[in-house]
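For the sequence shown, my numbering begins at 424 and goes up steadily by one.
Just so you know, even glycine gets a beta-carbon here, dropped at the ideal spot from N, CA and C.
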Amino acid sequence: MLRLESKILQREFVVHENTLYASQIRNVLSGRDFVPDGNSVEFLFHFTDGSEFSSKGLNVIDSDQENGKLSFKFEETQGIAVTMTFWVGDDGNTLRKQISFVQSSDKTIDYILLEHIGITNSKTHFTVPTDIKGTELDGFQSSLGQPFYIDTLFFGCEFPATQNIILYGIGQVKYFLGKKINGEFKCPVTVIGGAESDLMVDVQKSFYEYIEDISTKTDLRLQYNSWYDYMKDITADNIEKSFYEIEKGLTSNGVPPLDAYVVDDGWVDYKSGFWSFNKKFPNRLYDTTQLTSKIGSHFGLWLGPRGGYGRPDLFAKKMEKRGLGAYNAEAKDICIADKTYIKNVTDFILKSTQEFDIDYWKFDGFCLTPCKDANHNHPVGGEQDMYMITDMWQSWIEVFQKIRTLRKKFGKGLWINMTCYVNPSPWWLQYVNSIWLQNSGDIGFAENIQGQSKLDSEITYRDARYFNLLNTRAVQMPLKHIYNHEPIYGNHAKVQYTDEEFEKYIYFDVARGQALNELHLSYTMMNKSKWRTLAKAIEWQKNNYNVLQNAMFIGGNPEENNVYGYFSWNENGDGIIALRNPTDEKAPLTLTLNKLMGCPKDLKDVKRYNVYNLSNKESYDSYSYGDKIDLTLQPFEVKIFQFGKEDKRYPNGEAVTDFTISFNYKGEENIEIAHNDDIDISVVKGYVNVKCGKCHLRSNSIVGGGNHKITVVREKSKALKIYIDRQLDSSGYDSRAKAKINTAIDSSAEEFKVIEKATPYDEIITLKSMLSGVSKRKKN
């Protein structure tokens, strides 16, 4: 007897008279066993000629248990010799399985069932629907790569494009190939995991914990995106102006440097026949990249693999004519599975990543409709054209891996965001950080209530898309990794909110729990109040993201006038509940603090605090597991509560000392400019060095002989900036820097001056000098 045992699951295998017998799957966490019925097989190969074989009745010629792995070798049949291997996952909880084989025949493999589990003996099960109609992908494609649940167990495959469903009483993982394999081939790994009960909330929680374990490291991220500011009308100059103004609005209100500033569509020369820069960016993106570094951030870039959203058909045809890609006649865009295109676009992406130090890639638009042209260096055919889909996604996984490898080589991070025409499989998170909703427009407005404000119409629309994704389509995706385009408050969005509406909009957006927050803002639409509100919401989000990242949707469809919301809890008993009434009538409701609301079972004596609640004062009431909360939501009202032993809403309340120090530097070598217990300014080997507590900053430029005007600014965010001759040279930030700084400091430097506030960039430099400070000539 061979035994496989994780912390949660147990399986036993016996080979008797060359036949493999597998035991039930025991879940020690729930104390439940699941016994696959007699229709189950460990694998099944189906060929295009209609023939097939399975593990049932196939002789085992060798079995082994070594280095924590169980392996079984089967006799060759129909020119294929299979080896099946099991092991415990790195998380110590799940069981993994892989089918590998050597093919010697000329038969074309249609598909392989990597799992084929009869569920007659189960009490409960869940599978995603495959017939949902709607925007973006059809029901079949959008359902690929989802798990299915049987009793207290979850099942799936670590390749994001297998069909994992329960159909006609069989739970199956179907891997499409559409080709003959020359030599050895390893199929994708399948996985089984267990939960403490068969309640959907418990199985889903265990599945999400597994997904988080295998996912690319993903933390809270805030960045600016140019799309709703300028759309395709961006230029090298106006984007730099926006970068400066967005940075000014945020840092002057205490927000640390953003993670990135992103150039969206508008840089591409679509007449060229391949990805290249148009005349609006004569120096390509060197200037923009340099600026993001100067303001203490990183650079991000948009690229639409299928050819963007203007005339991808013309772009693709020109590309095909140049021999650099292929035209997909089915979707009227670029064939993104074509090997020639994949090679060339990968070369462009890697080169751009290196040249422009790209920290974030927004890959926007993949496969709208599968290509059926057999001349495009990819297989065609199969059920729902799955041969091309499998081959395409395997190729793009390799693209993602190459970009990460390049960044890792230089010790740098990378965020990959997959947007449109992607099946929203949670297994994509092994390679990317976030995935677009897939069932939504960038922005939209619900029509459930006549006469409602545009703000409420927009919020209802977005949350109805969440309901559709998570409930109707039943996609099993942690909300943390969903990209939703929010917040959008830019010139091209055609919205205009009061300060009070903007506050409601921003706070409810944050409560959805997404890790990627792209600020689609236009600085011309912001005022002092809106900047303060945005900064306050960001502060709350940063302070409490350890809770918000566990967000779950609760309630009914907002477009059908149902109360709904989001809840988030961690195991420490810290929680957040955000509720909204999308109707023009009062809505009474009762909340029960139990596991269906995500509450930990040992929740006891936590207090309730208002985060956003305009109709009720602070109560500071205490609650424990199982307690009920009676509420009434006014028409279109939002309430956001926070729970915990202590108030963690805004724990870093200490005011930050901001200042401006300026002086003339005459070219002296290695000179101490000024020093006190908190601040040290010097010039060493031509570099300006500033130390302010734990934040240390050195200028990018060397100040040579002659007179130079040096300005050092500390922002309310604790960020430091160095200006040389009225041009921004560099920025630095350290979250550990203390808030209060002693600015009593003297110096013998000429025209040494201390101002007890941060001076905005536009009072130090003019737009003219800002733009003249970077080269606009094309680099060789």
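On the criterion of 16 or more Cβ atoms from any shown chain inside 10 Å, does residue i qualify as buried, or is it exposed?
i, result
"residue 801", "buried"
"residue 824", "exposed"
"residue 833", "exposed"
"residue 935", "buried"
"residue 1198", "Confidence in residue 1198 is poor, its pLDDT being 44 and thus under 50, which makes the residue's placement unreliable; the coordinate value appears in the next sentence. It counts as exposed."
"residue 1159", "exposed"
"residue 1060", "buried"
"residue 947", "exposed"
"residue 586", "buried"
"residue 679", "buried"
"residue 421", "Shown here, the chain extends from 424 to 1203; a query on residue 421 therefore has no answer."
"residue 1167", "exposed"
"residue 591", "exposed"
Look up residue i in the DSSP assignment and say whether it is helix, strand or coil.
i, result
"residue 441", "coil"
"residue 601", "strand"
"residue 990", "strand"
"residue 1196", "The predicted position of residue 1196 is uncertain, since its pLDDT is 49 and thus under 50; no value can be drawn from it."
"residue 431", "coil"
"residue 460", "coil"
"residue 1011", "strand"
"residue 578", "strand"
"residue 683", "strand"
"residue 880", "helix"
"residue 707", "coil"
"residue 497", "strand"
"residue 662", "helix"
"residue 809", "helix"
"residue 1054", "strand"
"residue 874", "coil"
"residue 690", "coil"
"residue 1202", "For residue 1202, the predicted model reports a pLDDT of 44, less than 50, meaning its position is unreliable and no value from the coordinates is stated."
"residue 424", "coil"
"residue 887", "helix"
"residue 1133", "strand"
"residue 1018", "helix"
"residue 480", "coil"
"residue 930", "helix"
"residue 617", "strand"
"residue 1158", "coil"
"residue 508", "strand"
Would you please state the rounded distance, in angstroms, between the beta carbons of residue i and residue j? I believe it to be under 8 angstroms.
i, j, result
"residue 457", "residue 528", "Going by Cβ atoms, the distance from residue 457 to residue 528 rounds to 35 angstroms, so no, they are not a contact pair."
"residue 598", "residue 647", "Incorrect: roughly 41 angstroms between the Cβ atoms, too far for contact."
"residue 749", "residue 791", "Incorrect: roughly 15 angstroms between the Cβ atoms, too far for contact."
"residue 1082", "residue 1177", "6 angstroms"
"residue 1052", "residue 1013", "7 angstroms"
"residue 712", "residue 722", "5 angstroms"
"residue 829", "residue 776", "6 angstroms"
"residue 686", "residue 718", "About 14 angstroms separates the two Cβ atoms, so there is no contact after all."
"residue 559", "residue 861", "5 angstroms"
"residue 759", "residue 729", "6 angstroms"
"residue 508", "residue 493", "7 angstroms"
"residue 1137", "residue 1164", "7 angstroms"
"residue 967", "residue 1071", "6 angstroms"
Tell me residue i's beta-bridge partners as DSSP assigns them.
i, result
"residue 814", "Partner(s): none; residue 814 has no beta bridge."
"residue 586", "597"
"residue 742", "Note: residue 742 sits in no beta bridge, so no partner."
"residue 1001", "989 and 1063"
"residue 606", "526"
"residue 455", "450"
"residue 1115", "1102 and 1118"
"residue 548", "573"
"residue 840", "785 and 857"
"residue 900", "In the DSSP output, where bridge partners are listed per residue, residue 900 has none listed."
"residue 983", "Residue 983 pairs with nothing; no bridge assigned."
Between the beta-carbon of residue i and the beta-carbon of residue j, is there less than 7 angstroms?
i, j, result
"residue 1075", "residue 984", "no"
"residue 460", "residue 543", "yes"
"residue 810", "residue 601", "yes"
"residue 970", "residue 993", "yes"
"residue 932", "residue 910", "yes"
"residue 632", "residue 625", "no"
Report whether the distance from the Cβ of residue i to the nearest heavy atom of the ligand MG is below 6 angstroms.
i, result
"residue 1073", "The ligand MG is not part of the structure shown, which contains no ligands of any sort."
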